[in-house]
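**Q**
Number of protein chains: 2
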Amino acid sequence: MHEINELLKSFGISKPSLLLDKNRVLSNIDKMANKAKTAGVRFRPHFKTHQSVEIGNWFRDFGVTAITVSSLDMAMYFAKHGWSDITVAFITNLLEINNINELAGRIKLNLLVDSEQILSILNQQLKYQVGMWIKIDTGYHRTGVSWEDFDTLQSLGEKIRTSPLLDFHGLLTHAGHSYRAKSLDGIRKIHEETVSRMLSAKDYIEDIGIESCEISVGDTPTCSLADDFTGVDEIRPGNFVFYDLMQEKLGSCAENEIAVAVACPVVGKYKDRNQIVIYGGAVHLSNANMLDRNRKQIFGYLTSFQNGTFGPINKNAPVVSLTQEHGIVSVDNELFNEIDVADFVFVFPVHSCLTCNLYKEYHSLQGEIISCL
Amino acid sequence: MHEINELLKSFGISKPSLLLDKNRVLSNIDKMANKAKTAGVRFRPHFKTHQSVEIGNWFRDFGVTAITVSSLDMAMYFAKHGWSDITVAFITNLLEINNINELAGRIKLNLLVDSEQILSILNQQLKYQVGMWIKIDTGYHRTGVSWEDFDTLQSLGEKIRTSPLLDFHGLLTHAGHSYRAKSLDGIRKIHEETVSRMLSAKDYIEDIGIESCEISVGDTPTCSLADDFTGVDEIRPGNFVFYDLMQEKLGSCAENEIAVAVACPVVGKYKDRNQIVIYGGAVHLSNANMLDRNRKQIFGYLTSFQNGTFGPINKNAPVVSLTQEHGIVSVDNELFNEIDVADFVFVFPVHSCLTCNLYKEYHSLQGEIISCL
Chain A
14 MHEINELLKS FGISKPSLLL DKNRVLSNID KMANKAKTAG VRFRPHFKTH
64 QSVEIGNWFR DFGVTAITVS SLDMAMYFAK HGWSDITVAF ITNLLEINNI
114 NELAGRIKLN LLVDSEQILS ILNQQLKYQV GMWIKIDTGY HRTGVSWEDF
164 DTLQSLGEKI RTSPLLDFHG LLTHAGHSYR AKSLDGIRKI HEETVSRMLS
214 AKDYIEDIGI ESCEISVGDT PTCSLADDFT GVDEIRPGNF VFYDLMQEKL
264 GSCAENEIAV AVACPVVGKY KDRNQIVIYG GAVHLSNANM LDRNRKQIFG
314 YLTSFQNGTF GPINKNAPVV SLTQEHGIVS VDNELFNEID VADFVFVFPV
364 HSCLTCNLYK EYHSLQGEII SCL
Chain B
14 MHEINELLKS FGISKPSLLL DKNRVLSNID KMANKAKTAG VRFRPHFKTH
64 QSVEIGNWFR DFGVTAITVS SLDMAMYFAK HGWSDITVAF ITNLLEINNI
114 NELAGRIKLN LLVDSEQILS ILNQQLKYQV GMWIKIDTGY HRTGVSWEDF
164 DTLQSLGEKI RTSPLLDFHG LLTHAGHSYR AKSLDGIRKI HEETVSRMLS
214 AKDYIEDIGI ESCEISVGDT PTCSLADDFT GVDEIRPGNF VFYDLMQEKL
264 GSCAENEIAV AVACPVVGKY KDRNQIVIYG GAVHLSNANM LDRNRKQIFG
314 YLTSFQNGTF GPINKNAPVV SLTQEHGIVS VDNELFNEID VADFVFVFPV
364 HSCLTCNLYK EYHSLQGEII SCL
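These protein sequences, in sequence, are chains A and B. The first sequence: position 352 = 365 (my numbering), numbered continuously. The second sequence: position 105 = 118 (my numbering), numbered continuously.
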């Protein structure tokens with residue numbers, strides 16, 4: 014505990030704060046960039062996880078020039094800071110046509126579509142050229158045209174090809190069902206199935222005479238575990254930059270690759286139930302949760318501070334309950350005796366994207382303050 | 014749908030936005046203020062739900078001069094805007110002693126304590142007088158001294174009484190276990206038990222010669238349903254200002270008392286599964302969830318816009334899944350045919366406190382923009 018307290022004291026931190034190990038982040042980026050390079054695919058990382066210009070800039074050293082975001086707001090933020098090739102990996106929200114036109118006039122903006130209705134309205138209202146991807150549903154069933162829906166695929170392809178302001182890029186999918194896989198093999202199987210389904214859909218598109226049809230895939234579990242990207246042109250993982258407990262549980266990462274944790278002050282100790290209460294609730298961690306090895310719901314695990322970085326996941330110290338500002342952590346006797354009120358503890362998040370979204374800045378373990386959207 | 018679209022167009026809204034019906038808010042405040050008046054208890058509403066100076070000011074017309082918050086940050090925000098009697102209903106975070114001293118020097122700041130350790134350190138570091146409450150655990154088991162822990166209660170009481178800068182106010186509890194009650198009678202029973210346990214604890218305190226010991230209670234379910242507050246000096250409900258789906262399910266409110274909803278653009282329609290996809294995910298609604306009547310997890314329900322306010326809860330249109338920016342809503346055939354892409358829908362939140370925390374402003378149905386922390 015003393016090392017953590019000293020560190021946070023040196024940062025001037027007195028309330029729940031988001032910490033980041035820059036070395037782990039750089040190593041995570043390095044590994045994924047290398048994997049893309051080796052596989053010969055474009056690396057277009059998703060920036061929705063970190064939402065930070067400064068962290069975005071770290072990617073430039075690994076040759077990244079094109080990015081993915083999940084909202085027009087994020088696209089405008091990164092465009093303002095020098096990114097000029099941005100895919101908004103979210104079905105186009107026509108209500109934001111003014112922002113779309115504003116951005117399309119000055120950067121290479123790429124949009125997603127999965128219905129003729131959106132395409133028609135977009136065609137009427139666009140003022141500048143945009144890159145266009147057809148969103149494909151390869152089994153996740155959130156958005157997208159079914160990979161088997163031959164008619165819709167060809168009809169959308171045809172409409173895009175003949176629209177002067179739409180530049181057909183290809184087919185894009187998010188195999189989010191990889192998060193529901195039960196094993197590493199399960200995740201790899203979803204990857205293979207996804208690529209195979211995308212290649213079938215590409216055949217339909219090529220049948221109508223479109224010659225250049227790229228394939229873009231990209232969830233963190235499959236991108237972390239797969240090595241064979243034959244047939245794929247682009248990958249768009251995002252979460253891998255920080256990883257989290259959910260990814261570690263899935264097997265997408267090792268525990269020493271988790272790059273963010275929330276520092277939380279301890280405000281209470283309750284011996285009769287071996288619990289500590291932290292200033293760190295749903296507004297600091299998000300209420301994302303998962304099942305532990307005993308199928309009990311947990312909202313995070315404590316970790317330690319060792320050799321200048323986060324220690325292992327302490328599975329004997331789960332966050333068992335969250336309310337708006339409070340977290341309840343069950344601990345063993347040893348840790349209970351070690352921790353005092355006014356100490357800080359480190360909590361690894363279940364889902365780092367949602368946790369980081371709650372903050373306006375990161376404190377790196379290396380002593381920097383890094384702002385975000 | 015057309016009425017909703019027209020309204021939001023007039024507001025200039027194109028992405029997920031938080032809406033509020035000012036009339037419902039005023040009516041909710043009016044009812045709770047009147048209940049407190051009739052019962053002869055001080056009404057010290059919790060401002061963590063709305064976190065807005067402007068909404069806070071609406072309470073002044075109902076005679077409110079003292080408030081509750083859940084963090085020092087909120088206390089500083091409201092103090093800056095003219096509130097001079099604030100209870101931070103969270104066990105004192107000693108790490109924020111500088112902010113505590115800064116505030117205690119200029120307003121009547123009231124703090125909570127449940128351990129001698131915090132009390133001792135506070136005693137050493139405080140520079141100005143603060144009001145002091147002992148936090149009591151009456152069965153929720155989050156924080157607090159057990160209502161039966163005679164020794165600790167008397168020892169804390171004695172230490173507070175003899176500290177020159179600590180002004181003993183009394184005993185304070187949050188019966189958060191009312192949220193787990195299975196029926197209206199269950200909630201009322203928790204209220205009776207809570208008050209009875211607080212009165213026992215008060216007896217222990219009076220036994221050591223402390224004559225003025227107030228009792229403060231205050232979760233929204235019990236404050237909404239109970240009428241008898243005999244023995245209680247102060248109530249601190251917060252959520253009642255907006256209510257939400259969870260409160261309606263518990264029976265604390267009627268559906269026409271829910272005062273906030275999130276407006277979300279529709280981006281996709283999927284006929285094979287009778288689902289629509291909205292731009293409205295965990296970062297817009299929070300991933301708070303509850304079980305529907307079939308014990309399935311839901312993250313919100315659609316409502317309509319009728320006669321200038323929100324319509325009934327549409328239990329045939331649940332938000333069945335949320336990811337970072339996407340929400341999936343299952344709808345019946347009729348609604349499916351009625352809704353188009355680029356329409357807006359209104360989503361009632363499961364837990365309004367967590368949803369509102371994600372926004373920097375409210376749009377009132379009456380056309381105002383109301384900022385918040």
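Even glycine gets a Cβ: it sits at the ideal position worked out from N, Cα and C.
Just reading off the beta strand (DSSP E) that residue 366 of chain A is part of, what are its end residues?
**A** Residue 366 of chain A: not part of any beta strand (DSSP E); member of the alpha helix (DSSP H) spanning 365-369, first to last residue.
**Q** Quick one: what's residue 377 of chain A bridged to in DSSP?
**A** A/33
**Q** According to DSSP, simplified to helix, strand and coil, what is residue 241 of chain A?
**A** coil
**Q** Could you tell me how far apart the beta carbons of residue 206 of chain B and residue 152 of chain B are, in whole angstroms, since I believe they sit closer than 8 Å?
**A** 7 Å
**Q** Using the Cα positions of residue 48 of chain A and residue 240 of chain A, report the straight-line distance between them to the nearest angstrom.
**A** 7 Å
**Q** Under a CB-based cut-off of 7 Å, is residue 90 of chain B close to chain A?
**A** no
**Q** Which residue or residues does DSSP assign as beta-bridge partners of residue 318 of chain B?
**A** B/323
**Q** By DSSP, does residue 247 of chain A sit in helix, in strand, or in coil?
**A** strand
**Q** Is it buried or exposed for residue 351 of chain A, if we count other Cβ within 10 angstroms and need 16 for buried?
**A** exposed
**Q** May I have the straight-line CA-CA distance separating residue 217 of chain B from residue 367 of chain A, to the nearest angstrom?
**A** A straight-line Cα-Cα distance of about 45 Å links residue 217 of chain B and residue 367 of chain A.
**Q** Quick one: is residue 177 of chain B buried, meaning 16 or more other Cβ sit within 10 Å of its Cβ, or exposed?
**A** A residue is called buried once 16 or more other Cβ atoms fall within 10 Å of its Cβ, and residue 177 of chain B, having fewer, is exposed.
**Q** Between B/308, B/293, B/92, which lies nearest to residue 361 of chain B when the distance is taken from Cα to Cα?
**A** B/293
**Q** Would you be able to state if there are at least three C-beta pairs under 8 Å between the stretch 289-304 of chain A and the stretch 270-279 of chain A?
**A** yes
**Q** To which residues of the same chain is residue 310 of chain B closer than 7 Å at the C-beta, ignoring the five residues directly before and after it?
**A** 302, 304
**Q** In angstroms with no decimal places, state the Cα-to-Cα distance between residue 198 of chain A and residue 248 of chain A.
**A** 20 Å
**Q** Counting C-beta neighbours from all protein chains within 10 Å, is the total for residue 43 of chain A 16 or more, i.e. buried, or is it exposed?
**A** exposed
**Q** Taking the C-alpha atoms as reference points, what is the distance between residue 99 of chain B and residue 348 of chain A?
**A** 35 Å
**Q** When the cut-off is 7 Å and only beta carbons count, does residue 296 of chain B lie next to chain C?
**A** Annotation note: the requested chain C is absent from the structure, which comprises protein chains A and B.
**Q** In the DSSP assignment, find the unbroken alpha helix (DSSP H) run with residue 217 of chain A in it and report its ends.
**A** 197-220
**Q** Can you look up residue 168 of chain B in the DSSP assignment and give me helix, strand or coil?
**A** Three-state result, residue 168 of chain B: helix.
**Q** Among the residues of its own chain, which have a CB less than 7 Å from the CB of residue 324 of chain A, if the five just before and after it don't count?
**A** 316, 317, 318
**Q** If I measure Cβ to Cβ from residue 40 of chain B and keep anything under 8 Å in the same chain, skipping five residues before and after, which residues do I get?
**A** 270
**Q** Starting from residue 61 of chain A, find everything on chain B with Cβ-Cβ shorter than 7 Å and list it in chain order.
**A** 337
**Q** Counting only beta-carbon atoms, is residue 352 of chain B nearer than 7 Å to chain A?
**A** no
**Q** Any heavy atom of the ligand PLP closer than 6 Å to the Cβ of residue 327 of chain B?
**A** The model depicted lacks the ligand PLP and carries no ligand whatsoever.
**Q** Any residues in the stretch 106-124 of chain A with a beta carbon nearer than 7 Å to a beta carbon of chain B? Which ones, in chain order?
**A** 106, 107, 108, 109
**Q** Just list the residues that DSSP pairs residue 278 of chain B with in beta bridges.
**A** B/357
**Q** Does any C-beta atom of chain B lie closer than 7 Å to the C-beta of residue 130 of chain A?
**A** yes
**Q** Counting pairs of Cβ atoms below 8 Å between the stretch 46-66 of chain A and the stretch 81-96 of chain A, do you hit three or more?
**A** Under the three-pair Cβ rule at 8 Å, the stretch 46-66 of chain A counts as touching the stretch 81-96 of chain A.
**Q** Within the continuous alpha helix (DSSP H) that includes residue 298 of chain A, where are the two ends?
**A** 295-298
**Q** For a contact meaning CB atoms closer than 8 Å, what does residue 299 of chain A contact in chain B?
**A** Close partners of residue 299 of chain A in chain B (Cβ separation under 8 Å): 295, 299, 300.
**Q** Identify the residues that DSSP records as bridge partners of residue 227 of chain B: which are they?
**A** B/183
**Q** How many whole angstroms separate the CB atoms of residue 243 of chain A and residue 265 of chain A, which I take to be in contact at a CB cut-off of 8 Å?
**A** Rounded, the Cβ-Cβ distance is 21 Å, inconsistent with contact.
**Q** Looking at the structure shown, is residue 343 of chain B part of a helix, part of a strand, or coil, going by DSSP?
**A** strand
**Q** Closer than 7 Å between beta carbons: that is the criterion. Which residues of the stretch 14-32 of chain B meet it against chain A?
**A** Residues passing the 7 Å Cβ filter: 27, 28.
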